[in-house]
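Protein chains: 2
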Amino acid sequence: MSVTIYDVAREANVSMATVSRVINGTAVVKEETKKRVQDAIERLGYRPNAVARGLASKRTRTIGVIVPDVSAAFVAEIVRGIEDIANMYNYHIILTNSDADTHREVSLIGTMWEKQVDGILYMTNILNQEHITAFEQAEIPVVLCATEDPEKRIPSVNIDNRKAGSDAANYLEKKSCQNIAIVSPDIGTSLIADHRIEGVRKKLGNKCTFIHVGKGKYEQALPILRNIFQNKNYDGVIAMSDELGLASVHAIHDNGFQVPHDVRIIAFDNTRLATMVRPELTVIAQPMYDFGAVSMRLLTKMLLDEPVDTYNVILQHNIIERQSS
Amino acid sequence: MSVTIYDVAREANVSMATVSRVINGTAVVKEETKKRVQDAIERLGYRPNAVARGLASKRTRTIGVIVPDVSAAFVAEIVRGIEDIANMYNYHIILTNSDADTHREVSLIGTMWEKQVDGILYMTNILNQEHITAFEQAEIPVVLCATEDPEKRIPSVNIDNRKAGSDAANYLEKKSCQNIAIVSPDIGTSLIADHRIEGVRKKLGNKCTFIHVGKGKYEQALPILRNIFQNKNYDGVIAMSDELGLASVHAIHDNGFQVPHDVRIIAFDNTRLATMVRPELTVIAQPMYDFGAVSMRLLTKMLLDEPVDTYNVILQHNIIERQSS
DNA sequence: CTGTTAGCGCCTTCAC
DNA sequence: GTGAAGGCGCTAACAG
């Protein structure tokens, strides 16, 4: 059978309490006995059982991470940020995909509850009352990651999406674009996209047209956009993601027009895709890794009762000018 | 305080054993008392504590997943496959990134041991004795995912990389390529790449040249390749990943040559990148999602003592012909 | 079909 | 500075 704290205690001629103390550094132990215990641990190849620990201490050092889909580049980058910081603070993450399905999300929050996670990092497109209720019921600290709660009831890490939207609009306007197409997922699909659109509209008023392309996937968007850009109606495009920006580029090329000569394009995100294509995409860069890292850090602060100055962190976005504009 | 199985028992006027039975369906319970228990559970909003469960039953329904880096498209896709199947069998995953660093990997295996995971899904570039030893010490079922153990000591899911390499070579040869460049990460970086190269070499002999580009990242590879393709020395390229394939395309274009007119390119992987660029990449497609899904399924079989016919699964790869060749 | 009784491996007072 | 003892919430025999 596996070796327990009790075995170590006997081997070192101390009580299990003492072993526990040296393992956790939870109290002062005489240097000599500490050494004896450490030797015993090594000799026996002892590993503390985290499950038993979790049961006794009521803290599992595990964070539940709920995202729409890890296989999306944007999300994967965030998850990496989360895991890095979690790891730094000696936490581990249970990762689940929700496909942004509310029913599934609520169910997952319940699962995290059962798993006794110390906290939840949550990412989704639309946050509604069902989520809030589930969070409250589970009584677990939650941080929203790249996800907005309009009423700011829950700690979160975001960029200022309205500002980002208007920045994008501003940029194209300064480039003298007159007819700007906003390429985005269907309205109501993502609160964040909706906020950006608000920002754009506020700036551009009627100088822009909204083009909705389903769920925002390249494959789905391309044929739609190819149709849209058949004629030279637009001289500027704001795309809600690199993927949609790229689909726009290709749709425009396919109709015999040039980017940026005929149409200037700016896209959101700045995933690696943006610099791996020709023309390279001008972007409103989002700090994806930092979304993850900062939200995880905020969560650790909450868990460790460290002081936090803002529970709704706004990270900076910035424009990176490249070939597509 | 949170409600326990004991509270439910009292509320339903039964023993906690009975509650446990209806929760787990572990024995037949009279329909009426079952109903009473279920009502009590609902009334109290009871959720079984998975940690306590894990301690008592010695099974946590948690799988440790160790990958080099989730933010890599290839990996993220696999992780999605893993999580989907895990979820289907009511398991959850603890995800960690190793950056393919042996020291860190061994340490992570230890962590998984402490966490009492029921099994480990493992992905890395090079598997050596240290890993094997760590696995044996932890005594946890392991499945290698898109990772080869040359001696097949550990269950695994892969494609036949040597065959895939020779298929790629074959393909370009049939297209009458005479001078083929093999663009790959530095040798010894990845066993899988090395095996593919073996396959290529066996087929092509001296008709090919090996070009090593560090860690296989686009940004790093591009300048190197731009240099390599300055002159019209090659008429074919086999790239070890979509990313390197794309870097080759751009390097060739930058030197004023055309793909596929002057140089035909075939790449490995078939991540979404392959169809999101122009020209679209001809690929040796790897079943990434299935790597994850199948390896997770194999692991569940091992955990549930279901019969398994092969512990070293070989998935099919296939050539998808697109614009780059 | 249901209840009783031990633990699972560890943390955490409380004494000494 | 160290030991003893009582849980944490649940599963798993073993009785009845």
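As they're listed, the protein sequences go chains D and A.
For the first sequence, this note's numbering gives the first residue as 1, with consecutive numbering after it.
For the second sequence, this note's numbering gives the first residue as 1001, with consecutive numbering after it.
Each residue gets a CB set at the ideal place from its N, CA and C atoms; glycine is no exception.
Can we say the region 1171-1180 of chain A touches the region 1255-1273 of chain A, given the rule of at least three CB pairs closer than 8 Å?
yes
Mind listing, in chain order, the continuous beta strand (DSSP E) runs of no fewer than 3 residues lying wholly within the region 251-302 of chain D?
264-269 and 282-285
Does A/HIS1195 come out as helix, strand or coil in the three-state DSSP assignment?
As a position in the second sequence, residue 1195 of chain A is number 195, starting the count at 1. Of the three classes helix, strand and coil, the one that applies to A/HIS1195 here is helix, per DSSP.
Using CA coordinates, which residue listed in A/TYR1006, A/ASN1318, A/ARG1010 and A/LEU1298 is at the minimum distance from A/TYR1089?
As a working note, residue 1089 of chain A is residue 89 in the second sequence. Closest option to A/TYR1089, Cα to Cα, is A/LEU1298.
From D/ILE63 to D/LEU204, what does the alpha carbon distance come to, in whole angstroms?
Reading the first sequence from its first residue, position 63 is the one you call residue 63 of chain D. Reading the first sequence from its first residue, position 204 is the one you call residue 204 of chain D. Those two C-alpha atoms are separated by around 42 Å.
Using 8 Å for Cβ pairs, my map puts D/ILE94 next to D/VAL67. What's the rounded Cβ distance?
As a working note, residue 94 of chain D is residue 94 in the first sequence. As a working note, residue 67 of chain D is residue 67 in the first sequence. About 12 Å separates the beta carbon of D/ILE94 from that of D/VAL67, a gap too long to meet the 8 Å contact definition.
Ordered list of beta strand (DSSP E) runs contained in the region 114-176 of chain D, each at least 3 residues:
119-122, 142-145 and 156-159
Nearest to A/ILE1320 (by Cα), restricted to the options A/LEU1281, A/GLY1214 and A/ILE1182
Start at 1 with the first residue of the second sequence, and residue 1320 of chain A comes out as number 320. Out of A/LEU1281, A/GLY1214 and A/ILE1182, A/LEU1281 has the C-alpha closest to the C-alpha of A/ILE1320.
Going along the chain, which residues of the region 167-200 of chain D sit with their C-beta nearer than 8 Å to a C-beta in chain A?
none
Alpha-carbon to alpha-carbon, A/CYS1177 and D/ILE284:
Working through the first sequence from its first residue, we reach residue 284 of chain D at position 284. Working through the second sequence from its first residue, we reach residue 1177 of chain A at position 177. Cα to Cα, the separation comes out at about 42 Å.
Would you call the region 186-200 of chain D and the region 159-167 of chain D touching, i.e. three or more CB-CB distances under 8 Å?
yes
If we define contact as Cβ-Cβ less than 7 Å, is A/TYR1218 a contact residue for chain D?
Along the second sequence, one-based indexing puts residue 1218 of chain A at 218. Cβ-Cβ to chain D under 7 Å: yes for A/TYR1218.
Residues of the region 42-62 of chain D whose Cβ lies closer than 8 Å to any Cβ of chain A, in chain order:
Only those residues of the region 42-62 of chain D whose C-beta falls short of 8 Å from the nearest C-beta of chain A are listed: GLY45, ARG47, PRO48, ASN49, ALA50, VAL51, ALA52, GLY54, LEU55, THR60 and THR62.
Quick one: residues in its chain with C-beta nearer than 8 Å to the C-beta of D/ILE211, no 5 flanking neighbours on either side, listed in chain order?
Mapped onto the first sequence, residue 211 of chain D falls at position 211. If we look at D/ILE211 and ignore the five residues flanking it on each side, its Cβ neighbours are ALA181, ILE182, VAL183, SER184, ILE224, LEU225 and ILE228.
Name the DSSP beta bridge partners of D/HIS92, please?
The count along the first sequence starts at 1 and reaches residue 92 of chain D at position 92. In the DSSP output, where bridge partners are listed per residue, D/HIS92 has D/THR62.
Just mark A/ASN1206 as buried or exposed, buried being the case when its beta carbon has 16 or more other beta carbons within 10 Å.
The residue given as residue 1206 of chain A occupies position 206 in the second sequence. Counting every other CB atom within 10 Å of its CB across the protein chains shown gives A/ASN1206 a total below 16, marking it as exposed.
Contacting positions in the region 85-109 of chain D - beta carbon closer than 8 Å to chain A:
ASN87, HIS92, ILE93, ILE94, LEU95, THR96 and ASN97
Closer than 7 Å to chain D by CB, A/VAL1259:
Residue mapping note: residue 1259 of chain A aligns to position 259 of the second sequence, counting from 1. Closer than 7 Å: no.
Cutoff 7 Å: A/ARG1080 Cβ touching any chain D Cβ:
Sequence index remark: in the second sequence, residue 1080 of chain A carries index 80 (1-based). Yes, its Cβ sits closer than 7 Å to a Cβ of chain D.
Spatial neighbours of D/ALA40 in its chain, beta-carbon cut-off 6 Å, leaving aside the 5 residues before and after:
Reading the first sequence from its first residue, position 40 is the one you call residue 40 of chain D. For D/ALA40, where only same-chain residues beyond five positions count, the Cβ hits under 6 Å are VAL8, GLU11 and ALA12.
Rounded C-alpha distance that separates D/VAL3 from A/PRO1048
On the first sequence, position 3 is the one that residue 3 of chain D refers to. On the second sequence, position 48 is the one that residue 1048 of chain A refers to. Spanning the alpha carbons of D/VAL3 and A/PRO1048 requires a straight line of approximately 27 Å.
Compare the C-alpha of D/MET123 against each of D/PRO260, D/ARG61, D/GLU77 and D/MET276 and name the closest.
Along the first sequence, read from residue 1 onward, the residue named residue 123 of chain D stands at position 123. In terms of Cα proximity to D/MET123, the closest of D/PRO260, D/ARG61, D/GLU77 and D/MET276 is D/GLU77.
Return the first residue and the last residue of the alpha helix (DSSP H) that D/ALA221 is part of.
Position 221 of the first sequence, counted from the start, is the residue given in the question as residue 221 of chain D. Per DSSP, D/ALA221 belongs to the alpha helix (DSSP H) from 218-228.
Round the Cβ separation of D/ARG59 and D/ASP118 to the nearest angstrom and send it over; I've been treating them as touching at under 8 Å.
Position 59 of the first sequence, counting from 1, holds the residue named residue 59 of chain D. Position 118 of the first sequence, counting from 1, holds the residue named residue 118 of chain D. Contact between D/ARG59 and D/ASP118 holds, with the beta-carbon distance rounding to 6 Å and staying under 8 Å.
When the distance is taken between beta carbons, is A/LEU1244 closer than 7 Å to A/ALA1274?
On the second sequence, residue 1274 of chain A is found 274 positions in, with the first residue counted as 1. On the second sequence, residue 1244 of chain A is found 244 positions in, with the first residue counted as 1. No, these two residues do not count as a Cβ contact at 7 Å.
Note down, in chain order, every chain A residue with its Cβ under 7 Å from the Cβ of D/VAL277.
Your numbering for residue 277 of chain D matches position 277 in the first sequence. In chain order: VAL1277.
Nearest-angstrom Cα separation, counted from D/GLU306 out to A/MET1112
As a working note, residue 1112 of chain A is residue 112 in the second sequence. As a working note, residue 306 of chain D is residue 306 in the first sequence. Each residue's Cα considered, the two are about 28 Å apart.
Whose C-beta lies closer than 7 Å to the C-beta of D/ALA100 among residues of the same chain, with five residues either side of it excluded?
Locating residue 100 of chain D in the first sequence gives position 100, counting from the first residue. In its chain, beyond the 5 residues on either side, PRO68, THR124 and ASN125 have a beta carbon closer than 7 Å to the beta carbon of D/ALA100.
Between the beta-carbon of A/GLU1114 and the beta-carbon of D/ALA86, is there less than 7 Å?
Residue numbering aside, residue 1114 of chain A sits at position 114 when the second sequence is read from its first letter. Residue numbering aside, residue 86 of chain D sits at position 86 when the first sequence is read from its first letter. Not in contact: A/GLU1114 and D/ALA86 (Cβ atoms no closer than 7 Å).
With DSSP run on the structure shown, which of helix, strand or coil describes A/ALA1239?
In the second sequence, counting from the first residue as 1, residue 1239 of chain A sits at position 239. Reduced to three states, the DSSP call for A/ALA1239 is strand.
Taking the alpha-carbon positions, what's the A/ASN1179 to A/ALA1247 distance?
Residue 1179 of chain A sits at position 179 when you count from the first residue of the second sequence. Residue 1247 of chain A sits at position 247 when you count from the first residue of the second sequence. Approximately 18 Å between the Cα atoms of the pair.
Partner residues on chain D for A/GLN1316, Cβ-Cβ distance less than 9 Å:
Residue 1316 of chain A sits at position 316 when you count from the first residue of the second sequence. Within chain D, no residue comes near A/GLN1316; the closest Cβ sits about 21 Å away, beyond 9 Å.
Return the chain-ordered list of same chain residues with a C-beta closer than 6 Å to the C-beta of A/MET1296, the five sequence neighbours on each side being excluded.
Locating residue 1296 of chain A in the second sequence gives position 296, where the first residue counts as 1. ILE1082, ILE1085 and ALA1086.
By the criterion of Cβ-Cβ separation under 9 Å, what are the contact partners of D/ASP262 in chain A?
On the first sequence, position 262 is the one that residue 262 of chain D refers to. The contacting residues do not exist; D/ASP262 stays about 17 Å from chain A at best.
Measuring CA to CA, which of D/GLY188, D/ALA27 and D/ASN231 is closest to D/VAL213?
The residue given as residue 213 of chain D occupies position 213 in the first sequence. Of the candidates D/GLY188, D/ALA27 and D/ASN231, the residue whose Cα lies closest to the Cα of D/VAL213 is D/GLY188.
Verify the CB distance criterion: does A/GLN1116 have a CB-CB separation below 7 Å to chain D?
Numbered from 1 along the second sequence, position 116 holds the residue referred to as residue 1116 of chain A. Yes, because at least one Cβ of chain D sits closer than 7 Å to the Cβ of A/GLN1116.
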